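Chains as they are written, first to last, in this note's numbering: chain G, 1 to 185; chain A, 186 to 847; chain D, 848 to 945.
Taking it in order: structure first as structure tokens, then the write-up.
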Amino acid sequence: MTELVFYVLAVSAVVSAVACILQRNPVSAAMWLVGAMFALAGIYVLLNAQFVGAIQVLVYAGAIMVLFLFVIMLLNLDRETTDLRRWPAFLLALGLVVGIGSALLALGGYTPHRLVAEVLGRPPWSDPGTALPAGAAAITETERRGVVGAIAGPLFRTYLVPFEVTSVLLLTAAVGAVVMAKRRL
Amino acid sequence: MAATGVAAWIWLTIALPFAGFLLNGALAFRRPDAKGLVSLIGPGTVIAAFGVAAAAFLQAAAAPTQEAMLVPLWRWMPAGTLQVDLSLQVDQLSLVMLLVVTGVGSLIHLFSVGYMREDPGYARYFAYLNLFIVFMLVLVLGSNLPTLFIGWEGVGLCSYLLIGFWYADKANADAGKKAFIMNRIGDFGALVAMFICWQALGTLSFPEIAERAPELLTPGGTTVTAITLLLFLGCIGKSAQIPLYTWLPDAMAGPTPVSALIHAATMVTAGVYLVARTNVLFAMAPVSQMVVAGIGALTALFAATIGLRQYDIKRVLAYSTVSQLGYMFLGVGSGAYVAGVFHLVTHAFFKALLFLGSGSVIHAMHHAYHATHAHEDAQDMRNMGGLRRYLPWTFALMGLATLAIAGIPPLSGFFSKDEILAFAFGRAAHDPAWYVFWAMGALAALLTAIYMARLMAMTFLGDNRTGAEERRHLHEASWIMTGPLLVLGILTVVGGVINLPAFIRVGPLHALDRWLEPVMEPAGRFLALETPHGGIEYALIGLAVAIGIVGLVIGYRTTLARPIPVAREAPPERGIWRLLHQKWYVDELYQEFIVNPLVWLSRGLLWRLVDQTLIDRAGVNGSAWLSRRLGWLGSRLQTGEVGVYIVMFLLGAVWILHAVAR
Amino acid sequence: MLLGPSLTLSAILFTIGLAGVVVRRNAIVLFMCIELMLNAVNLTFVALSQYHGLNGQVMVFFVMTVAAAEAAVGLAIILAIFRHRQSVDLQNINLLRG
């Protein structure tokens, strides 16, 4: 059952992505991208990353894509202008797809057993999810404190400094965006 | 062995004229009209050098040594197995040459004071002349081949500078160039000979060569023959033998004292000196000896034929020099090294006398034409005639020299020339080819007497053809010019005493033979030469004298048989006389077959093809064009479009990914 | 669970985004394709976090934050360029041409 849902979501994500990159109208492209993000959020939930899925919808689809749409509307882009490159670019894109895609797809051959076997050096004797100590600890943690609590632990303990730095980064980005977009300095 | 006494100071003979060169050179730049000072420094330094030479000679005569005394000056090339020092050697042979160079050189310097008095380049002239003495002495005093070669090249340089002394006239500059270039052809041979010599013997120093050559080289083998033949190539260039002789007649473009000093008495004899110095090598290579003697004999004859029909007084003497040099090489080629050196010395006396005498004549003719503003050729004998009335001293002294060169006893020329021919005849007993050489030499002697008599007759005897006006201005030169002539005249007469042959039963016999014996001893081990004795000897002597007398008479009679036209009105030559007058067209042959192809090669091939096309167009311009194209191609990457740059990033990232993921 | 297919999907989405970057000329749509690539990477992190612990999800957290900041600043830049060039077509943004 999980697999079926997964494959449906996966197919819709791929279709949305392909449609996104081939749309002439920027607004349509943005919408298709939102669709792809929703599909991904669903996959995150399936993969036991419920918090991340929620954040995906909230931040990515909700804030970032809205920002995109705002800018598109601000610029009042002409929807008739074709902005796809000429055919040599498609050939190059095809070449890149083949080149990188084939390299990356080799990763698809990673089954949980193979991953655990490579990391631990021996085949697992139980649920792969629990074979790796970090994964096992994550499951216990999630059962104890819930999904959000489980993330909060590393976020505010181990990764506290990156967390604070990221907030400064956001501040900087906000200021920078304001400065950049001003009509008059 | 180390030098003692005066010999240790022998470098003064070089240093004094060198100081003269520097001083005269400075004066030439700063005070060109300080002629008095130059007249003092120029001859003064050479006379002082002669003093040192005489002192060294007297010391060596008092206490003769078997080995040469070495005076090392400077460690030049200490390079592993190649140890070459700049060092001088004082031995019997170098002392002889030293005396000749400084002695005759001093006389010619004194003569030049009078001859060049009115020339604006007075100081420059003496600077060059002093420099020439410096290099000539380095040549004869050098104790190893490289030092000798420095002198060899140096005299070539001075010859070039002095031949083209009046360089404003292109013909003079061309003559200087011709001399230098032909010399260089020979010098190549000398250099290669040095390389082979070092490779075979491990040394370039003369005493050591004399030591090692008999042990390390096979007599008659290829190595020693190669060395000697290549050394002789150098001699051919320097001493104007066939085929590299054509520069010497052209060198008459220089001032007459220069012709006397360089192209008669000293520089051109350097080749003979070299052969005598390396006598041991030549004695070990009979093939080379035949080449040397053969070319010498051929040159003697060939040049004499050309001298028969030249009208420029200096040209006749030039060809005479080439011919007499041929005699010297016939001598040393036959193994008679002492005879060759003997003729070198006597020839220096009478040939210098002849040249200086001709200088006196030309000086007088110039004065005469200058006074009447005529533009005739002052050197053409057809414009002379009957000058014995106006230039009696010159006539008498040149007459003595003519008798000497024709081989009339008891003048010096008779003894030296006769000795060479006698040795050639003696060698013929071993090698029949020498009969031919002897015959050539005898025939050349006849021709020599003929053309010298012709010269004297045309110049001094008969009626004067210079012109009534000019006649009043012909007079003998000042004592500064006539004095050296007198000294040379005395030497010409008594010079034979240096090496009197055995059949004269009075006086010091074979003085030069005994004096040079330590130097020629290494060669003597390989070659035992004998002159014919008894009946054959007297017959040969009688023949030589007869040839001389007959030649003189023929020359005199044929020249004065018919009236001689003035140069301006002379009819063109015909037939065989034309061939001789045009020097057998050798210069034209060289021009056609050697010079022109070389010029074509340089201009057409090397300049146009290699230099212009390959190097300039393809190489320089081509590489510039290539850089620009590549740069332009590179600049096409800078489209300025961000999208293109992003794609570049991606491509780069892909590449790195593949490289890392390997 | 579902590790293999997730990684495959991530690879596919990434290459699609890559192709989009090459093919599109509009700066804003180019940006969107970059966001797609970032999402694909997020998927990889999440898929592997099942076995390597919650560090993966924390990474996703940070990636999203940075992506937001980047989008803000990037779009501001595009706005500024649009004001000067009146176009967001990448071919017209060629001041670096040389």
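Glycine is no exception: its CB is placed at the ideal position from the N, C-alpha and C atoms.
These figures come from a predicted structure and were not determined experimentally.
Check this for me: beta carbons of Leu-510 of chain A and Ala-425 of chain A, under 8 Å apart or not? Here the question's residue 510 of chain A lines up with position 325 in the second sequence. Here the question's residue 425 of chain A lines up with position 240 in the second sequence. Result yes, Cβ atoms of Leu-510 of chain A and Ala-425 of chain A sit closer than 8 Å.
With 8 Å set as the bound, which would you pick, yes or no: does the beta-carbon of Val-913 of chain D sit closer than that to a beta-carbon of chain A? Here the question's residue 913 of chain D lines up with position 66 in the third sequence. Cβ-Cβ to chain A under 8 Å: no for Val-913 of chain D.
Is the CB-CB distance between Gln-863 of chain D and Val-52 of chain G below 8 Å? Along the third sequence, one-based indexing puts residue 863 of chain D at 16. Along the first sequence, one-based indexing puts residue 52 of chain G at 52. First, the amino acid is wrong: residue 863 of chain D is Ile here, not Gln. No. Outside cutoff.
DSSP three-state label for Gln-384 of chain A, please. The residue you call residue 384 of chain A lines up with position 199 of the second sequence. Three-state DSSP puts Gln-384 of chain A in a helix.
Do Gly-520 of chain A and Ala-468 of chain A have their C-beta atoms closer together than 8 Å? Working through the second sequence from its first residue, we reach residue 520 of chain A at position 335. Working through the second sequence from its first residue, we reach residue 468 of chain A at position 283. In this structure, Ala-468 of chain A lies closer than 8 Å to Gly-520 of chain A by Cβ.
List the residues that DSSP assigns as beta-bridge partners of Asp-497 of chain A. Here residue 497 of chain A refers to the residue found at position 312 of the second sequence. Per DSSP, A:Asp-565.
With H, G and I counted as helix, E and B as strand and the rest as coil, what does DSSP make of Asp-276 of chain A? Residue 276 of chain A sits at position 91 when you count from the first residue of the second sequence. Looking at Asp-276 of chain A - three-state DSSP - the assignment turns out to be coil, as it is neither helix nor strand.
Could you tell me whether the stretch 276-296 of chain A touches the stretch 343-354 of chain A, using the rule of 3 or more Cβ pairs below 8 Å? no
If you follow the beta strand (DSSP E) that Trp-259 of chain A is part of, which residue opens it and which one closes it? Within the second sequence, residue 259 of chain A is the residue found at index 74, counting from 1. Taken as a continuous stretch (DSSP letters only), the beta strand (DSSP E) holding Trp-259 of chain A covers 254-264.
So what's Ser-663 of chain A in DSSP terms, helix, strand or just coil? The residue labelled residue 663 of chain A in the question sits at position 478 within the second sequence. Correct three-state label for Ser-663 of chain A: coil.
Completely contained alpha helix (DSSP H) runs for the stretch 5-79 of chain G, where each covers 4 or more residues: 26-46, 50-55 and 65-75
Of all the beta strand (DSSP E) runs that stay within the bounds of the stretch 275-338 of chain A, which reach a length of 3 or more residues? none
Give me the residue from D:Leu-865, D:Ser-896, D:Val-888 and D:Ser-853 with the minimum Cα distance to Thr-142 of chain G. Translated into positions along the first sequence, residue 142 of chain G becomes position 142. Answer by Cα proximity: D:Ser-896.
Does any C-beta atom of chain G lie closer than 8 Å to the C-beta of Val-839 of chain A? Here residue 839 of chain A is taken as the residue at index 654 of the second sequence, counted from 1. Yes, contact with chain G.
Which of helix, strand or coil DSSP assigns to Val-935 of chain D: One-based indexing of the third sequence puts residue 935 of chain D at position 88. DSSP places Val-935 of chain D in coil when its eight states are reduced to three.
Arg-872 of chain D at chain G interface by Cβ criterion, 8 Å: Residue 872 of chain D sits at position 25 when you count from the first residue of the third sequence. So, interface residue.
Of all Cβ atoms in chain G, is any one closer than 8 Å to the Cβ of Val-827 of chain A? Locating residue 827 of chain A in the second sequence gives position 642, counting from the first residue. Not one chain G Cβ lies under 8 Å of Val-827 of chain A.
Any C-beta of chain G sitting closer than 8 Å to the C-beta of His-931 of chain D? Here residue 931 of chain D corresponds to residue number 84 of the third sequence, with the count starting at 1. It does not; no Cβ of chain G falls within 8 Å.
May I have a chain-ordered list of the alpha helix (DSSP H) segments no shorter than 4 residues that lie completely inside the stretch 464-493 of chain A? 464-468 and 471-492
Write down the C-beta distance between Ala-63 of chain G and Leu-926 of chain D rounded to the nearest angstrom, noting that I regard them as a contact closer than 8 Å. The sequence position of residue 63 of chain G within the first sequence is 63, counting from 1. The sequence position of residue 926 of chain D within the third sequence is 79, counting from 1. That pair is no contact at about 17 Å.
Reference Ser-297 of chain A; option with closest CA among A:Met-321, A:Gly-229, A:Phe-320 and A:Pro-263: Here residue 297 of chain A corresponds to residue number 112 of the second sequence, with the count starting at 1. For the residues A:Met-321, A:Gly-229, A:Phe-320 and A:Pro-263, the minimum Cα distance to Ser-297 of chain A belongs to A:Gly-229.
Roughly how many angstroms separate the alpha carbons of Leu-856 of chain D and Phe-6 of chain G, rounded to a whole number? For the purposes of this step, residue 856 of chain D is identified with residue 9 of the third sequence, where counting begins at 1. For the purposes of this step, residue 6 of chain G is identified with residue 6 of the first sequence, where counting begins at 1. Their Cα atoms are separated by approximately 10 Å.
Contact under 8 Å by Cβ, Lys-536 of chain A with Ala-398 of chain A: Along the second sequence, read from residue 1 onward, the residue named residue 536 of chain A stands at position 351. Along the second sequence, read from residue 1 onward, the residue named residue 398 of chain A stands at position 213. Not closer than 8 Å, so no.
Measure from the C-beta of Val-52 of chain G to each C-beta in chain D and report whether the shortest distance is under 8 Å. If you number the first sequence from 1, residue 52 of chain G lands on position 52. Interface residue, yes.
Could you tell me whether the stretch 255-268 of chain A touches the stretch 630-637 of chain A, using the rule of 3 or more Cβ pairs below 8 Å? no
Taking Leu-854 of chain D as the reference, which of G:Leu-47, G:Ala-29, G:Ile-21 and G:Trp-32 has the closest Cα? Position 7 of the third sequence holds residue 854 of chain D. Looking at the Cα atoms, G:Leu-47 is the closest of the given residues.
Taking 8 Å as the CB-CB cut-off, is Leu-822 of chain A touching chain G? The residue you call residue 822 of chain A lines up with position 637 of the second sequence. With 8 Å as the cut-off, Leu-822 of chain A does not count as an interface residue toward chain G.
Cβ-Cβ distance between Arg-753 of chain A and Arg-650 of chain A below 8 Å: Numbered from 1 along the second sequence, position 568 holds the residue referred to as residue 753 of chain A. Numbered from 1 along the second sequence, position 465 holds the residue referred to as residue 650 of chain A. Taking 8 Å as the Cβ cut-off, Arg-753 of chain A and Arg-650 of chain A do not qualify as a contacting pair.
For Ile-859 of chain D, return the contacting residues in chain A, with the cut-off set at a CB-CB distance below 7 Å. What you label residue 859 of chain D is simply residue 12 of the third sequence in a count that begins at 1. Within 7 Å Cβ-Cβ: nothing; Ile-859 of chain D doesn't reach chain A, min ~17 Å.
Helix, strand or coil: which one does DSSP assign to Ser-167 of chain G? Locating residue 167 of chain G in the first sequence gives position 167, where the first residue counts as 1. In this structure, Ser-167 of chain G counts as helix in the three-state DSSP scheme.
Figure out for me which residue from A:Gly-210, A:Gly-709 and A:Arg-216 has the closest Cα to the Cα of Gly-227 of chain A. Mapped onto the second sequence, residue 227 of chain A falls at position 42. Here the closest residue by C-alpha is A:Gly-210.
Please go through the same chain and pick out, in chain order, the residues whose beta-carbon is closer than 8 Å to the beta-carbon of Tyr-44 of chain G, but skip the five residues on each side of it. Taking the first sequence and counting its residues from 1, one reaches residue 44 of chain G at position 44. Contacts found: Gln-50, Val-52, Gly-53 and Gln-56.
Quick check: the stretch 720-738 of chain A against the stretch 604-614 of chain A, are at least 3 beta-carbon pairs closer than 8 Å? yes
Measure the CB-CB distance between Ile-491 of chain A and Trp-769 of chain A and report whether it falls below 8 Å. In the second sequence, the residue the question calls residue 491 of chain A occupies position 306. In the second sequence, the residue the question calls residue 769 of chain A occupies position 584. Yes, these two residues count as a Cβ contact at 8 Å.
Quick check on this structure: which residue in A:Leu-572, A:Phe-514, A:His-658 and A:Gly-825 has the alpha carbon closest to the alpha carbon of Val-457 of chain A? By 1-based counting over the second sequence, the position of residue 457 of chain A is 272. Nearest option by C-alpha distance: A:Phe-514.
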